[in-house]
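Student: Here you go, one structure.
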Amino acid sequence: MNNNYDKIANHYDALSRLVFFKSQVNAQINQLRYIQENSHVLIVGGGTGWILEELAKIYAAGLKIVYVEISAKMIALSQKRNYKNNQVEFVNLGIEDFKTDLLFDVILTPFLFDNFAEQRAAKVFGQLNEYLKTDGLWFLVDFSLHKKNGRWWKSLLLSSMYSFFKLLGIVEADKLIDMASYFLKANYLTVEERLYYGGFIKATIFKK
38 MNNNYDKIAN
48 HYDALSRLVF
58 FKSQVNAQIN
68 QLRYIQENSH
78 VLIVGGGTGW
88 ILEELAKIYA
98 AGLKIVYVEI
108 SAKMIALSQK
118 RNYKNNQVEF
128 VNLGIEDFKT
138 DLLFDVILTP
148 FLFDNFAEQR
158 AAKVFGQLNE
168 YLKTDGLWFL
178 VDFSLHKKNG
188 RWWKSLLLSS
198 MYSFFKLLGI
208 VEADKLIDMA
218 SYFLKANYLT
228 VEERLYYGGF
238 IKATIFKK
């Protein structure tokens with residue numbers, strides 16, 4: 038299992054909206070207002086690329102974006118998006134295999150870490166931490182077992198999701214990693230935290 042969504046790439050957005058309506062989308066869109074013009078942006082696991090069009094609504098030009106996605110089918114869908122005059126470099130690799138000397142103003146990891154077992158999550162966090170500038174922003178959006186509105190249904194839904202993706206041979210994880218502790222240990226500051234879908238989706242902006 039290599040956390041590759043090729044098998045469901047063409048249906049991923051529809052499945053997401055069927056279960057979560059627009060909660061996954063709104064959690065990410067709300068964060069984009071924190072991006073400054075002419076920023077260097079790293080997007081890891083951006084899926085079908087709809088986020089590129091949302092960025093283009095804010096800045097039609099000037100952004101330099103590196104888009105890392107392990108799924109070739111997701112990359113193909115993303116390349117068809119209208120990102121206007123922003124510069125986008127598409128990289129079809131798992132993030133662990135991505136190497137760069139660039140430093141970024143903003144890193145986006147939407148629903149990335151829920152795919153990983155603990156060891157890989159720790160490795161990827163350390164890697165991305167090195168790619169983010171001092172005072173840079175990290176947009177983390179992922180599932181959460183937050184106590185708001187109860188935890189039992191979140192645990193049940195999360196377990197069902199992992200079972201579904203395991204059946205398809207897509208993800209390696211079978212439990213959710215608490216990434217907040219990694220940011221805390223690395224002395225990040227929390228700029229904003231919002232909950233969606235009854236607290237099952239958490240969107241946090243960290244500052245390095």
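Using the numbering used here, the first residue of the sequence shown is number 38, and each one after it goes up by one. All C-beta atoms in this analysis are idealised placements derived from N, C-alpha and C, irrespective of residue type, glycine included. Only a predicted model underlies this, so the values are computations on that prediction, with no experimental measurement involved.
Hey, quick one: how far does the beta strand (DSSP E) through residue 162 stretch, first residue to last?
Tutor: The continuous stretches of beta strand (DSSP E) do not include residue 162, which lies in the alpha helix (DSSP H) extending over residues 155–168.
Student: What do you reckon, are the CB atoms on residue 142 and residue 170 nearer than 7 Å?
Tutor: The answer is yes: Cβ separation under 7 Å.
Student: Determine the DSSP secondary structure at residue 220, reduced to helix, strand or coil.
Tutor: helix
Student: Do the CB positions of residue 144 and residue 189 come within less than 7 Å of each other?
Tutor: no
Student: Quick check on residue 195: buried or exposed, where buried means 16 or more other Cβ atoms within 10 Å of its Cβ?
Tutor: buried
Student: In the structure shown, what three-state DSSP assignment does residue 238 receive?
Tutor: strand
Student: Using the rule of at least 16 other Cβ atoms within 10 Å of the residue's Cβ for burial, across every protein chain shown, is residue 90 buried or exposed?
Tutor: exposed
Student: Alpha carbon to alpha carbon, what distance is there between residue 237 and residue 38?
Tutor: Note that residue 38 scores a pLDDT of 45, beneath 50, so its modelled location is shaky and nothing firm can be said.
Student: Using 8 Å as the cut-off, can you tell me whether the region 117–129 makes contact with the region 153–169, which would need three or more C-beta pairs spanning the two stretches below that distance?
Tutor: no
Student: With distance defined between alpha-carbon atoms, name the residue in 213, 183, 187, 185 nearest to residue 197.
Tutor: 213
Student: Whose C-beta lies closer than 7 Å to the C-beta of residue 77 among residues of the same chain, with five residues either side of it excluded?
Tutor: 101, 139, 141, 142
Student: Return the residue from the list 232, 235, 224, 234 that minimises the CA-CA distance to residue 243.
Tutor: 224
Student: Can you give me the start and stop residues for the alpha helix (DSSP H) that residue 64 sits inside?
Tutor: Run containing residue 64: 60–66, per the alpha helix (DSSP H) assignment.
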